[in-house]
Amino acid sequence: MRLVRILSTAALALAASLALVVPAEAAGANYVALGDSYSSGTGTGSYYGDSGGCKRSPYSYPALWAASHAPTSFKFVACSGARTGDVLNNQVSALTSATSLVSISIGGNDAGFTDVITTCTFGSDSTCINRVNQAKAYATNTLPGLLDNVYTQIRSRAPSARVVVLGYPRLYKVPGSCSVGLSDTKRSAINSASDTLHQVISARAGAKAFSYRDLRGAFTGHEICSGDWWLNSLSWPVEESYHPNRNGQRLGYLPQLNAVTG
């Protein structure tokens, strides 16, 4: 009987210790997906009817993760075009003390992503480089404070949540297989903006002890002008342009979230 009691006590202790290391998301997450178009799934071509201009897609990485993990709850509030201020005003209210998992991509629109692409598409190489440099200066000097505001609100409203911050891929393979479109000079400049966003976002996420995922490596070999594009080039409708396609969401972004949550 004493041996049975000892074994039972040991089993209970082992179970308790294991319970301490099992991620909350593995036990049934309360998941909230925040962010911009790279999180909403703009670019995949199919959207929930009630998401309107936010273009939330069943082919987005948050929706795919929810479909495969069956979380206890799933709030999908990421929105195409969102900036840090939109996250604060329209999205963080979805968080509660019960939230156990948060994902977010944000910062690209604050840095002027759309205007950079437009300028580089219609302007000269030098005009493109100048606009990219302006965006990089903004990302370096102003974006850190904006990200801090967002990340502070996330932690305040969801104090126990695992927070996964996902970055942005480089858009172009340089040199690549495309014989038309932007010059390699423009493509390299745009890619350098992605590198700056990586540096800024990773640093601010790290300062909050959030999990940061660098998408540049995941998309290497799958950029625009590569042999296997996971991103749209100039497309119709135009808002689909320069966003991950379905493979980009499923094979690029989703594995990065899975790598953190299991």
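Position one of the sequence shown corresponds to residue 1 (this note's numbering), numbered consecutively onward. Positions of the beta carbon are idealized from the N, C-alpha and C atoms, including for glycine.
What residue from the options has the CA that sits closest to residue i's CA?
i: T196; options: D214, S183 and D184; result: D214
i: S103; options: Y38, T220 and E223; result: Y38
i: L64; options: T44, V132, P159 and L147; result: T44
i: D228; options: W236, Y212, N245 and P237; result: N245
i: P144; options: K55, R56 and G206; result: G206
i: H198; options: I154, G108 and R250; result: G108
i: G35; options: P237, S68, Q91 and F210; result: Q91
i: N148; options: Q249, T261 and A209; result: In the sequence under discussion, the amino acid at residue 148 is Asp, which differs from the Asn named in the question. Ranking the options by Cα distance to D148, first place goes to A209.
i: V164; options: S105, Q134, S192 and I129; result: S105
i: G41; options: A158, F76, Y172 and N141; result: F76
i: R170; options: E240, E223, C54 and A78; result: E223
i: N141; options: G181, C54 and R204; result: R204
i: A139; options: L257, I154 and S192; result: S192
What's the gap between the Cα of residue i and the Cα of residue j?
i: S97; j: K136; result: 35 Å
i: F122; j: L231; result: 20 Å
i: A161; j: A29; result: 9 Å
i: R216; j: A259; result: 15 Å
i: T152; j: R131; result: 30 Å
i: A189; j: T119; result: 12 Å
i: A94; j: L254; result: 22 Å
i: S124; j: K186; result: 9 Å
i: N247; j: S100; result: 27 Å
i: V116; j: T261; result: 34 Å
i: A27; j: P58; result: Summary for A27: the model assigns pLDDT 47, below 50, so the residue's position carries little reliability, and this model does not support an answer.
i: G85; j: G221; result: 33 Å
i: L88; j: S179; result: 42 Å
i: N133; j: G52; result: 33 Å
i: G112; j: Y212; result: 22 Å
i: S233; j: S183; result: 14 Å
i: T114; j: T72; result: 36 Å
i: R157; j: C79; result: 20 Å
i: H69; j: L166; result: 19 Å
i: Y48; j: C225; result: 30 Å
i: P159; j: I129; result: 41 Å
Ends of the alpha helix (DSSP H) at residue i?
i: V116; result: F113 to F122
i: K75; result: Per DSSP, K75 belongs to no alpha helix (DSSP H); it is in the beta strand (DSSP E), S73 to F76.
i: V260; result: L254 to T261
i: Y61; result: Y61 to H69
Return the first residue and the last residue of the beta strand (DSSP E) that residue i is part of.
i: A29; result: Where A29 is concerned, there is no enclosing beta strand (DSSP E), given that its DSSP letter is neither H nor E.
i: Y38; result: That residue, Y38, is in no beta strand (DSSP E); its alpha helix (DSSP H) goes S37 to S40.
i: L101; result: L101 to I104
So residue i and residue j are in contact, right, with Cβ under 8 Å, and what is the actual spacing, rounded?
i: A218; j: G252; result: 5 Å
i: Y61; j: Q249; result: 5 Å
i: S194; j: Y168; result: 5 Å
i: D110; j: R83; result: 5 Å
At a cut-off of 6 Å, would you count residue i as near the ligand MG, judging by its Cβ distance to the nearest heavy atom?
i: C120; result: Absence of the ligand MG is noted for the structure shown, with no ligands found whatsoever.
Segments of 3+ residues assigned as beta strand (DSSP E) that fall wholly inside the segment 108-191: 162-166
Within the segment 206-252, ranges of the beta strand (DSSP E) (whole runs, at least 3 residues): 211-213
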